[in-house]
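Protein chains: 2
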Amino acid sequence: MAVIVQKYGGSSVADPARIASVARRVAESAAGHQVVVVVSAMGRTTDGLVALASEITSTPDPREMDMLLATGEQVTIALLAMALHGLGRRARSFTGPQTGMRTDAAHTRARLTRIDASRVRAALDAGEIAVVAGFQGLSEGDEITTFGRGGSDLTAVALAAALKADVCEIYTDVDGVYTADPNVVPDARKLGRVSYEEMLELASLGAKVLQSRSVEFAKKYGVPVHVRSAFKSDPGTLVTREEQAMEEMVVTGVTHDRNQAKISILRVPDRPGIAGQVFGAIAERNIVVDMIVQNISRDGYTDMSFTVPRGDHARAVAALEDVARKVGAQGVSHDERVAKVSIVGVGMRSHSGVAGRMFGALAKEGINIQMISTSEIAISCVIEDKYAELAVRALHDVFEVGKGAPS
Amino acid sequence: MAVIVQKYGGSSVADPARIASVARRVAESAAGHQVVVVVSAMGRTTDGLVALASEITSTPDPREMDMLLATGEQVTIALLAMALHGLGRRARSFTGPQTGMRTDAAHTRARLTRIDASRVRAALDAGEIAVVAGFQGLSEGDEITTFGRGGSDLTAVALAAALKADVCEIYTDVDGVYTADPNVVPDARKLGRVSYEEMLELASLGAKVLQSRSVEFAKKYGVPVHVRSAFKSDPGTLVTREEQAMEEMVVTGVTHDRNQAKISILRVPDRPGIAGQVFGAIAERNIVVDMIVQNISRDGYTDMSFTVPRGDHARAVAALEDVARKVGAQGVSHDERVAKVSIVGVGMRSHSGVAGRMFGALAKEGINIQMISTSEIAISCVIEDKYAELAVRALHDVFEVGKGAPS
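Here the protein sequences line up with chains P and H, keeping their order.
If you use this note's numbering, the first sequence closes out at 417, no skipped numbers anywhere.
If you use this note's numbering, the second sequence closes out at 417, no skipped numbers anywhere.
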């Protein structure tokens, strides 16, 4: 008997009719298996709760915010358990605290510390379907905590690890991980398998299917994650350990991220401690920096460039202008009309010339490269925003990503 | 420093503006005192959750119903704590389980077994206002339970007992306990004090201010309960131990209950066990029987009459017709158009002739009495529904209830 953990997001359980439909799907899976279902809050419930809090105060206490938000998933688990009962299945719901998800005390962005899955295990052993509230846990001080964005995926993957589940199925509104955004590249292909490492690059590079945090957890504990459609029964994409077959493709996927703005601080004195001051000022404002590039210095001065989410751009520039004066830099330049395109693939490790082919393909389309950054299995270029889709199509084409590897 | 427990019902916290107004009121009370605030779900939230469940199934599992309903108060406590923070007060919210309200496992109608108020006590000692979710607790099996109707009052009174609070204030949309319904009797008077015993009779006889369960608990532990308006600052009615001064009035209040239907089972063989069969059949259907009257038997047969809530009337008659056949009774008669009027007062213990004056007053108005039932401090009559208001006015007048006792 396999142990299967399934996770359904907010849009899959947005109303009673969809909850009933999820219940039917779960009931089918439960034939002959032990099933845990992790669910999010219904549809836009969380947004509604946040709006309620904002009517009360503009600076809600994080502990009380967690108290408030945790109700969202609790409603879903009760309704889904009732729906399973209606189908003649035995089922029992569990809040995050009841599931034994123990966390640190960092409210609204808690980190998992350990899992005591004994209650869930007992339910499974008693022949019940366990219906678990995602996104939430209990601190060592017995306070209700939440995990922040992507928290339900994390609940599912972590519970799968704790239960040594055979698979963790993430049901979503797309039917898997594609070689590129199918809206941009018509011949983008659904990947049958992808390695944890590739998925991490794909997740952090703008593919919105799975949050990096969950992928890191899955990688650490070797949990096979199956990303698939909540509305179709076709298999999706299996995220798993790297295998030989995967390496036959050089590039597994091409991603792009248009939520980028580029900021440069010009002619910075090249002294130790300057980078700390620059990025310290940004971090203080809770702005997440993505790509950072610093070139070699000339005459004791250097230029430093980085990208931030477009919405944080103005605040970042304001912070930087202050720092630029203090450290004696020439000034700050910025550009909101940029995008990042990336190629990802474990095959890059064993193939040379990949970067050259990428740059050549972009040049052939007349696209100028503004910044370059590389990791072991990914190469990213910042280009002018209007060329983003053209660049993705060109790269998808030149690396023959749509054709697929022999499998 | 006094310990004060306050309870605000659903209509007092129906939206963010009202929650802000409750927060201001709580903040005022908290000057120099230790305050615990117990709240219900916002406005019609509980009805909304019940409606959601009914879209899923017509027979929701009670455990899952509790899981669902408990979210209602959890939303209110988080928002109220935020509102108190906004006023510069330290406050901390507690779910029923966190409050240490331990119950039996009877979901949707759990009974309190014990209270471990240590977390609430610690918050008070740390100078925080404790904001507690009413209506809910935790079973010994660590399941979320709810208390059923009037459950938030019970939370407040029980917590006041556990904390040895100086007073438990119940804020409601009426400003106290009246000698009669002011909509029926224009010169009805707000009572300054009323004994637990009288309040019990008043509560169970149809005055909807406080549930009997909470009054019984307050009586058992000697908790002074102050029923007062959530919208005005005037003192309300103090429910407390019987005192000498109270006895100077014969009748403290006149109540009526129109949610009544009368059912009689006619010419029942007068044998042991018959009553058990009759009321067993009613109880099986979860119908609550109010008044029961059985007269002496003639020729080995007797008539048995009782009242039930009007909405349960048809189901009760159906159940009874079955029983009537089995036990060899002549048949079942019923009447939906009845009401119960009652006079209540601890003074009845020491005054004679009270019943006679009551029956005389009704007769003078041409009102026929269909059933009579008495307790130590109350007399109730079932009469034709259309005379209910006339009867209340006549009794309020003849016992001079509106004039008040010297105090």
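Glycine included, C-beta positions come from ideal geometry on N, C-alpha and C.
At a beta-carbon threshold of 7 Å, the residues of chain P lying near residue 95 of chain H are 67, 71, ordered along the chain. The straight-line gap separating the alpha-carbon atoms of residue 130 of chain H and residue 176 of chain H is approximately 16 Å. For chain H, the residues of the segment 85 to 114 of chain P that bring a beta carbon within less than 8 Å of one of its beta carbons are 85, 87, 88, 89, 91, 92, 93, 95, 96, 102, 103, 105, 108, in chain order. A straight line joining the alpha-carbon of residue 378 of chain H with that of residue 88 of chain P spans about 51 Å. For residue 26 of chain P, the three-state secondary structure derived from DSSP is helix.
Within chain H, the C-beta atoms nearer than 7 Å to that of residue 77 of chain P come from 84, 87, 88, 103, in chain order.
Comparing C-alpha distances from residue 259 of chain P to each of P:197, P:360, P:125 shows the shortest one belongs to P:360. Contact between the segment 324 to 332 of chain P and the segment 222 to 238 of chain P is absent: fewer than three C-beta pairs spanning the two stretches fall below 8 Å.
Excluding the 5 residues flanking it on each side, residue 300 of chain P has same chain C-beta neighbours closer than 6 Å at 317, in chain order. Chain H places a beta carbon closer than 8 Å to that of residue 81 of chain P, counting this residue as a contact. Residue environment: residue 287 of chain P is assigned as exposed (fewer than 16 neighbouring CB atoms within 10 Å of its CB, all protein chains considered). Interface annotation, residue 125 of chain P: not in contact with chain H, CB-CB separation never under 8 Å.
Cβ-Cβ separation between residue 319 of chain P and residue 92 of chain H: approximately 27 Å, too far for a contact (criterion under 8 Å). Residues of the segment 14 to 27 of chain H with a Cβ closer than 7 Å to any Cβ of chain P, in chain order: 26. Contact check between the segment 31 to 44 of chain H and the segment 70 to 81 of chain H: fewer than three CB pairs, one atom from each, fall below 8 Å, which does not count as touching. Excluding sequence positions up to five before and after residue 28 of chain P, its CB lies within less than 7 Å of the CB of 22, all in the same chain and listed in chain order. By the criterion of a C-beta distance shorter than 6 Å, residue 391 of chain H is surrounded in its chain by 351, 379, 382, once the five residues flanking it on both sides are discounted. The C-alpha of residue 276 of chain H lies about 30 Å from the C-alpha of residue 402 of chain H. Secondary-structure assignment with DSSP links residue 259 of chain P through no beta bridge to anything. According to the DSSP secondary-structure assignment, residue 343 of chain P is paired through a beta bridge with P:274. Your pair residue 235 of chain H and residue 184 of chain H does not check out as a contact, with CB atoms roughly 14 Å apart and the cut at 8 Å. Taking 8 Å as the cut-off, the Cβ atoms of residue 148 of chain H and residue 107 of chain H count as close. Measuring C-alpha to C-alpha distances from residue 250 of chain H to each of H:19, H:178, H:172 identifies H:178 as the nearest. Under the three-state reduction of DSSP, residue 295 of chain H is assigned to coil, being neither helix nor strand.
Within the segment 60 to 112 of chain P, the runs of beta strand (DSSP E) that reach at least 3 residues and sit entirely inside it are, in chain order, 101 to 104. In the three-state reduction of the DSSP assignment, residue 394 of chain P falls in the strand class.
Fewer than three beta-carbon pairs drawn from the segment 159 to 166 of chain P and the segment 366 to 373 of chain P are found closer than 8 Å, and the two stretches are therefore not classed as touching. Just measuring C-alpha positions, the residue of H:211, H:66, H:198, H:52 sitting nearest residue 62 of chain P is H:52. Cβ-Cβ separation between residue 348 of chain H and residue 394 of chain H: approximately 6 Å, consistent with a contact (criterion under 8 Å). The shortest CA-to-CA distance from residue 375 of chain P to any of P:356, P:132, P:405, P:354 is the one to P:405. About 7 Å separates the CB atoms of residue 94 of chain P and residue 36 of chain P; that is less than 8 Å, so the two are in contact. Contact check for residue 180 of chain H and residue 17 of chain H: beta-carbon distance about 5 Å, within the 8 Å limit, so the pair qualifies.
Here residue 377 of chain P carries a coil assignment [DSSP, helix/strand/coil]. Only buried fits residue 33 of chain H, as 16 or more other CB atoms lie within 10 angstroms of its CB. Contact between residue 337 of chain H and residue 279 of chain H holds: CB atoms are separated by about 6 Å, below the 8 Å threshold. The continuous stretches of beta strand (DSSP E) do not include residue 336 of chain P, which lies in the alpha helix (DSSP H) extending over residues 323 to 337.
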